[in-house]
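The structure appears below as structure tokens.
2 protein chains.
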Amino acid sequence: MVANKSPEILFLKQEDVIKAGVLDMKKTIEDVETVFKMYAAGEVQQPVKTLMEFPDPITKDRGRLVVSMPVYLGGKINRAGVKWAAESLENQRTGRLPYGIDVVILHDLDAAHPVAIMDGTLITAMRTSAASGVAAKYLANLDSKIAGMVGAGVIGRTAIQAYLEIFPKLEEIRIYDLDRSKSEGLAQEFHQRINIRVADDARQAVEGADVVATQTTTRKHFLQKDWLKSANFYAQMGTNEAEEAEILQADVLVVDDWGAISHYTPGYLAQLVDAGKLDPSRILELKNVVSGKVKARTDPKQHILFKSMGMGSEDIIVAERIYQTAKAMGLGQILKLWDTPLWV
Amino acid sequence: MVANKSPEILFLKQEDVIKAGVLDMKKTIEDVETVFKMYAAGEVQQPVKTLMEFPDPITKDRGRLVVSMPVYLGGKINRAGVKWAAESLENQRTGRLPYGIDVVILHDLDAAHPVAIMDGTLITAMRTSAASGVAAKYLANLDSKIAGMVGAGVIGRTAIQAYLEIFPKLEEIRIYDLDRSKSEGLAQEFHQRINIRVADDARQAVEGADVVATQTTTRKHFLQKDWLKSANFYAQMGTNEAEEAEILQADVLVVDDWGAISHYTPGYLAQLVDAGKLDPSRILELKNVVSGKVKARTDPKQHILFKSMGMGSEDIIVAERIYQTAKAMGLGQILKLWDTPLWV
């Protein structure tokens, strides 16, 4: 056997990732649902993500961050990987680059060697709303007709895609964004699939909706509980979008990963628990709902709140699908860490 | 101004990293010394590294691991980065690939975009022993003549390089490795610079030496305190190489990063503290010694033990030098995360 001292790394730029199917929301929802089941079955190792935040030079508020999300997926997948994610308000201001930019590395444990490095920007966008969709599938009334959304950025777009998959009877999406042109853009983009109404403010978008999703970058609470009276399901995908009263009034509270959410005290749920206002035993984890270990909804009238922080395992399972597809299709660029390693 | 929607990433394979000066031990020691000073000055953000270990399929012991080490270096450097490090006993068995293989990503915080992806394998090898060297510079008697070493792998080689820089009067290095041919290889490789004696066992290598360094992958304690009686300095670079009595007899105990070492209970120091056998207030951090905040050695007869776990900041400061040098020299390969990002 010829010694292979120089394994290949497949580098996939965003265009390759697209060709390999990253924009397929149906498959992404399947991936994310699978990973929640694996997580429940103990097949996922997912240490708490490491987050570093930095002040924005203009707003002086937290405006730049980098996050490291290492994961191991066991079972048949047997893949270690890391997503290195970054966000910058500067990109939101200039509009030149995505607000969030991500890189994923997939790793072979036996050889201790990377097998793929790829753009993770669209993976993040797709898996984030796929998680919102999986949560909706298990927590919302599936005959919901009206969705109210706040945030018409990248995650707003994928949230529309996810809700179109999950809610077969969806008739209308009402959407609000500080930048009205973004809402109008999405209304135009999806007009053949769904009627999207551009709202004048957040209240107009969510009041009267059956299901609500917020996906904004704000750090301020803006969503009032009274606006959500008719909603059977609310997915809070941003950091702290709903006021305290909304969190506390929810009949059922479900999170994607309590370990991570409770670790980061700027997060509202952790603060409410620390302050003794919220009994942590009330908080369910989505993996246990998806796997059937616990039942979340017991009455169609319940108002169920889902709070997501995002999990690296969602990224790695999607990235693995993209990698396998790209390899089969011959996409991407071969990189090598060396021609011959100097010291073995 | 033309919008640049497609920033460049410089990909550096190991051969580029070598051309950019990674094998310069003198500069690596300067880098690592600088980063300890920055760390003491509060200019380094270094969350506890995230480590996942997996059983080796043959030995059933921990034999494969991946580690994520995110870091921000402030001051004039202003660079975020992550080292994704992996190790596999399988590579040690086959001899086809390095035991440890690493990738470094350097990141621009404003653009939330990577600027470089490079092989970090040699960076790790160099910075690990540079840290041993910096520790020796501040903790050992610098007129030491005989060094005893256990472990003649990659880190053994760089340890020799580092000690040649730090100890001007060094006359002899005694080295032991389970694989004698490795020790013989290093003796041959360095024979023009230093007399290296290949030892028959660990005791022969370290007994009577002025300074001692161990850099092995074993999980078993094998170093007995009586063997180290003559040593003014001992650098334990592996996990748990010295027996409990050696740790407890040291006059001064210094670590690279107590936050990380105390976090991982398989580590011996953390276990001894947890068991109440070791007073944690006895443990000094190297950054405070390097910055002059605390004095470690007060008597040349003291036996000072340095325990290193390795810090991501050491990697990122070296990687930043390599990146800047490579850019100036026009080395490497340009990658792009996309031609045009789909969603901005």
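For the record, the sequence lines run as chains A and B.
Residue numbering for the first sequence follows the numbering used here, starting at 885 and increasing by one per position.
Residue numbering for the second sequence follows the numbering used here, starting at 885 and increasing by one per position.
We put the beta carbon where it would ideally sit given N, CA and C, even for glycine.
Being a predicted model, the structure only gives us computed values, none of them experimental.
Residue burial classification, residue i (beta-carbon count within 10 angstroms, cutoff 16)
i: residue 975/A; result: buried
i: residue 1073/A; result: exposed
i: residue 942/B; result: exposed
i: residue 1113/A; result: exposed
i: residue 1213/A; result: exposed
i: residue 933/A; result: buried
i: residue 1184/B; result: exposed
i: residue 886/A; result: Below a pLDDT of 50, predicted positions are generally treated as unreliable, and residue 886/A, at 42, falls in that range; the measurement from the model is reported next regardless. Classification of residue 886/A: exposed, given that the 10 Å Cβ count is below 16.
i: residue 977/B; result: exposed
Chain B within 8 Å of residue i, Cβ atoms only
i: residue 872/A; result: This structure gives no information on residue 872/A, because the portion of chain A shown stretches from 885 to 1228.
i: residue 1102/A; result: no
i: residue 1163/A; result: no
i: residue 1176/A; result: no
i: residue 993/A; result: yes
i: residue 939/A; result: no
i: residue 1170/A; result: no
i: residue 898/A; result: yes
i: residue 1098/A; result: no
i: residue 1080/A; result: no
i: residue 966/A; result: yes
i: residue 902/A; result: yes
Cβ of residue i within 8 Å of any chain A Cβ
i: residue 956/B; result: yes
i: residue 972/B; result: yes
i: residue 1127/B; result: no
i: residue 1123/B; result: no
i: residue 1199/B; result: no
i: residue 1186/B; result: no
i: residue 1032/B; result: no
i: residue 985/B; result: yes
i: residue 892/B; result: no
i: residue 996/B; result: yes
i: residue 1073/B; result: no
i: residue 1041/B; result: yes
i: residue 895/B; result: yes
i: residue 1052/B; result: no
Residue i to residue j span [Cα, whole Å]
i: residue 1009/B; j: residue 1038/B; result: 6 Å
i: residue 937/B; j: residue 907/B; result: 29 Å
i: residue 1085/B; j: residue 1166/A; result: 60 Å
i: residue 904/A; j: residue 1206/A; result: 5 Å
i: residue 1172/B; j: residue 1102/A; result: 39 Å
i: residue 984/B; j: residue 1218/B; result: 26 Å
i: residue 998/B; j: residue 909/A; result: 27 Å
i: residue 1180/B; j: residue 1138/B; result: 8 Å
i: residue 1151/B; j: residue 1204/A; result: 33 Å
i: residue 1226/A; j: residue 1176/A; result: 52 Å
i: residue 929/B; j: residue 957/B; result: 7 Å
i: residue 1160/B; j: residue 1133/B; result: 15 Å
i: residue 1080/A; j: residue 1056/A; result: 6 Å
i: residue 1098/A; j: residue 1024/A; result: 15 Å
i: residue 1153/B; j: residue 1124/A; result: 40 Å
i: residue 1144/A; j: residue 1198/B; result: 27 Å
i: residue 1053/B; j: residue 1187/B; result: 19 Å
Beta-carbon contacts of residue i that lie in its chain and below 8 Å, excluding the five residues immediately before and after
i: residue 1174/A; result: 917, 920, 921, 924, 1018 and 1022
i: residue 1005/A; result: 898, 982, 984, 985 and 986
i: residue 1049/B; result: 909, 910, 913 and 1017
i: residue 1088/B; result: 1058 and 1060
i: residue 1130/B; result: 1107, 1108, 1109, 1112, 1118 and 1189
i: residue 890/A; result: 1220, 1221, 1222, 1223, 1224 and 1225
Contact set for residue i: own chain, Cβ-Cβ below 6 Å, skip 5 residues either direction
i: residue 896/B; result: 1002, 1210 and 1216
i: residue 966/A; result: 954 and 989
i: residue 1036/B; result: 1059, 1061, 1066, 1067 and 1070
i: residue 1091/A; result: 1111
7 Å CB neighbourhood of residue i in its chain, flanking five on each side removed
i: residue 959/B; result: 922 and 927
i: residue 1178/B; result: 1168 and 1172
i: residue 1082/A; result: 1059, 1064, 1067, 1068 and 1071
i: residue 1127/B; result: 1105, 1107, 1108 and 1109
i: residue 931/B; result: 954
message = Does the structure place the segment 1033 to 1047 of chain B close enough to the segment 1001 to 1015 of chain B that three or more beta carbon pairs sit under 8 Å?
response = yes
ask   = At a cut of 8 Å, does the segment 981 to 993 of chain B reach the segment 950 to 970 of chain A through at least three beta carbon pairs?
value = yes
message = So, does the segment 1055 to 1067 of chain A touch the segment 1109 to 1125 of chain A, judging by three or more C-beta pairs under 8 Å?
response = No, because fewer than three Cβ pairs between the segment 1055 to 1067 of chain A and the segment 1109 to 1125 of chain A fall closer than 8 Å, the two stretches do not touch.
ask   = Is the segment 1185 to 1200 of chain B in contact with the segment 1126 to 1145 of chain B, if contact means three or more CB pairs nearer than 8 Å?
value = yes
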